[in-house]
Amino acid sequence: MISGILLLALLAGVAVTLASAAHRGAHLRVDVHTLRRLFQYAVLFALVVIVTVGVTGLVTRFVGKPAFGEDADALLARSLAFALVGAPLAALLAWWSRRRQLADGSETRSGVFAAYLTVAALTGATAAAFNLQSVGGAAADGRVDGGAVAAVLAWGAVWLGHWALATRMLDGDRAVPHLLLGSLIGLILGAGGLISTLGSSLEIFVHSGSGSGRPTAPGAGLGLLVGGALIWVRYWATTAIRLPRSNLWFGIVLPVGVGGGLVLSLVGASRLIWTVLVWLVGKPAEGSATVHFGGIGRDVAVLLVGLLMWWYHRAVLGPHHERRSEVQRVYEYLMAGLGLIAAAVGAGTALVGFIEAVTPGVDVGMSVVNTVLAAVTLLIVGAPVWWVFWSRIRRAADLDRAGEVTSPTRRTYLILLFGVAGVAAVIALIAVAWTFFQDVVAGRLSGVTIRQMRYGLGTLLGTAAVSGYHWSILHHDRGAAAPRRVRGPRSVVLVGPADAAVEDAVRRATGARVESWSPLDTSTGAGAWDAEVLVELLSGHPDEDLLVLSDDGVPRVVAVSRSGRPAPPAPTHGHLGDDASVV
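Laid out in structure tokens, this is it:
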């Protein structure tokens with residue numbers, strides 16, 4: 274267990290360090306001091322884990338029974354060694370680390386120290402939440418799990434201690450990975466606990482009075498819910514929700530909050546609809562309605578929790594604005610993609626059911642009717658989600674074709690879609706070919722061969738439908754996004770006040786490379802640029818390299834030779850303000 278915790282913590286520490294460096298826009302430089310800090314804080318973290326496990330074992334010795342399969346004397350010896358040897362070593366290393374921090378401020382500002390505080394705090398929080406789940410499960414059975422209570426207290430102390438250190442010593446951007454990762458862990462644990470609690474409660478309601486089976490008590494789920502909720506409230510609701518909306522912040526809210534909520538909703542709705550359809554028109558495995566609908570409480574819980582996650586994080590993102598933002602695009606393309614995946618799986622499953630119906634063979638698992646009902650369910654759930662959000666995207670593209678087609682979100686969506694579909698198609702095609710040639714070589718090619726290839730053929734159908742439709746979209750996008758050839762200059766240097774908006778306007782209107790040079794002498798009287806005048810003036814100099822000077826706001830164009838060789842004489846164009854000379 275300790276080895277697993279340390280390995281996961283090491284990987285998490287590396288991830289946190291990289292995320293912290295990326296969030297600050299810094300490069301991770303590894304030198305001798307960084308390597309020393311890596312070993313220093315890795316050993317400190319290992320000692321903290323060892324001491325916590327030892328203290329938990331000692332408390333368990335006096336208030337409960339040893340862990341399953343462990344000898345009481347061996348557990349006591351291990352706990353004594355961990356606590357009595359590990360605690361002084363951890364205290365000594367912590368004292369030495371603090372002295373170095375006081376002597377050298379770079380020690381406190383290092384990414385390794387931030388990663389240590391983050392990993393240690395989140396390890397304590399996660400372990401305390403899982404042990405709180407054990408406490409709740411034992412309480413539901415009418416007993417007290419002393420070992421779990423001791424673990425909650427010990428790991429909770431680790432969490433609170435490192436949270437206090439992180440709050441005091443991680444400031445600004447350095448605290449962002451810690452807060453967002455804690456929010457993510459709290460969200461996942463809280464959602465899992467809520468699903469378990471709500472699902473168990475609904476199962477008790479379904480089974481009440483039936484006398485069939487004993488539903489799971491909601492105690493364990495309630496314990497996990499309490500633990501996850503405490504973490505989520507402490508990290509997200511009181512702190513992280515107010516952080517600046519960086520890429521890392523959106524990386525938690527969009528794919529996990531909004532996307533994860535929709536996935537849970539689709540899964541819960543699909544299972545719920547399929548269970549009802551199988552009972553009404555399919556072939557249920559059990560004749561008793563109580564047995565058949567015994568797991569419906571968990572499906573309802575998954576659906577409701579997914580909708581709650583989706584609604585909350587969608588509200589956190591805020592309402593749509595008149596100006597279409599990239600965040601809004603990410604949200605809509607994410608929702609459309611998830612609905613499309615569900616619908617594509619449904620189309621492939623429909624082919625699987627058709628092949629099962631027309632080819633010889635024995636049904637293994639679901640019957641043909643139930644397979645077809647699964648396909649219908651996925652189409653019912655996925656297709657409307659895709660259609661609603663894709664319709665929004667199409668309307669936005671009609672209003673601003675160039676802006677939508679050239680957006681990075683749309684390009685990323687199409688590339689990921691073709692990439693995933695392509696990989697799935699290649700794997701399915703290889704599996705289909707393998708089965709086909711295997712039966713050809715063995716001389717047993719028949720309808721059974723097609724039946725054995727049904728899953729690969731279903732995957733090919735789904736990927737072909739998705740790829741075919743979106744290929745036409747990609748082809749149309751390329752035509753719409755292809756820049757029109759503008760007879761303008763090759764490059765333009767604006768010598769005067771820097772104005773990013775003017776640079777962008779000139780670049781889009783002429784197709785030239787545009788940059789600004791600002792004079793060191795601010796007393797030259799250079800006035801602001803007029804984008805419309807500049808564009809009209811520059812259009813008279815096709816395929817030239819130009820230097821544009823601002824004399825009291827009046828642009829003067831000078832054609833130059835970037836190669837250093839004399840340029841041919843520029844033709845006279847007679848445009849506004851055209852007094853260009855050749856340099």
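Just so we're aligned, residue 274 is where the sequence shown starts under this note's numbering, counting upward by one. C-beta: ideal position from N, C-alpha, C; glycine also. Quantities reported herein were computed from a predicted structural model and do not represent experimental measurements.
- Residue environment for tryptophan 659: buried (at least 16 other C-beta atoms within 10 angstroms of its C-beta).
- Glycine 532 has its alpha-carbon roughly 13 angstroms from the corresponding atom of valine 600.
- Looking at the DSSP output, arginine 786 bridges to Ser764.
- Going by beta carbons, alanine 698 and threonine 736 fall inside the 7 angstroms limit.
- Residue state for glutamate 559 is assigned as coil, using DSSP reduced to three classes.
- When Cβ pairs closer than 8 angstroms are counted between the two stretches, the segment 347–364 is seen to touch the segment 313–330, the count reaching three or more.
- Taking C-beta atoms as the reference points, alanine 609 and leucine 652 fail to come closer than 7 angstroms.
- Burial state of glutamine 406 is buried, judged by a 10 Å Cβ sphere holding 16 or more other Cβ atoms.
- Here DSSP, grouped into helix, strand and coil, assigns proline 657 to helix.
- In the structure shown, the three-state DSSP call for arginine 717 is coil.
- Buried is the label assigned to isoleucine 323, since at least 16 other Cβ atoms lie within 10 Å of its Cβ.
- Comparing alpha-carbon positions, the option among Leu452, Thr399, Gly445 and Gly415 lying closest to glycine 429 turns out to be Thr399.
- If you ignore the 5 residues before and after leucine 613, its C-beta comes within less than 6 angstroms of the C-beta of Trp659, all in its own chain and listed in chain order.
- Contact between tryptophan 432 and alanine 401 is confirmed by a C-beta separation of about 6 angstroms, below the 8 angstroms threshold.
- Nearest in C-alpha terms to alanine 315, of all of Leu366, Phe627, Val529 and Phe335, is Leu366.
- Scanning Pro450, Ala785 and Trp368 for the CA closest to the CA of isoleucine 514 turns up Pro450.
- Boundaries cannot be given for tryptophan 802, as no alpha helix (DSSP H) includes it and DSSP labels it neither H nor E.
- Valine 625 sits close to arginine 727, with the two beta carbons spaced by under 7 angstroms.
- In this model, tryptophan 505 and threonine 511 are separated by some 9 angstroms (Cα to Cα).
- The segment 433–440 makes no contact with the segment 521–537: fewer than 3 CB pairs, one atom from each, lie closer than 8 angstroms.
- When the Cα atoms are used, leucine 460 and glutamine 313 turn out to be separated by approximately 31 angstroms.
- Counted as a single uninterrupted DSSP element, the alpha helix (DSSP H) harbouring valine 425 occupies residues 419–442.
- The three-state reading of DSSP puts glycine 465 in helix, counting H, G and I together.
- Residue Arg310 holds the alpha-carbon nearest to the alpha-carbon of glycine 384 among Arg310, Phe403 and Leu320.
- DSSP places aspartate 346 inside the alpha helix (DSSP H), whose first and last residues are 345–376.
- Around the Cβ of tyrosine 686, a 10 Å sphere holds 16 or more other Cβ atoms; the residue is buried.
- DSSP, read as helix, strand or coil, puts phenylalanine 312 in helix.
- For glutamate 559, the number of other beta carbons within 10 angstroms of its own is below 16, and it is reported as exposed.
- When secondary structure is reduced to three states using DSSP, threonine 650 falls in the helix class.
- Between valine 768 and tryptophan 790, the gap from beta carbon to beta carbon is short of 7 angstroms.
- Shown here, methionine 582 sits in a helix according to DSSP, grouped into three states.
- In the structure shown, alanine 704 adopts helical secondary structure according to DSSP, grouped into three states.
- When DSSP states are grouped into helix, strand and coil, threonine 632 belongs to the coil group.
- Counting along the chain, no alpha helix (DSSP H) covers isoleucine 514, and no H or E run does either.
- The continuous alpha helix (DSSP H) containing arginine 544 extends over residues 533–554.
- For serine 543, the CB contacts under 7 angstroms within the same chain, skipping 5 residues up- and downstream, are Thr650, Leu651 and Val654 in chain order.
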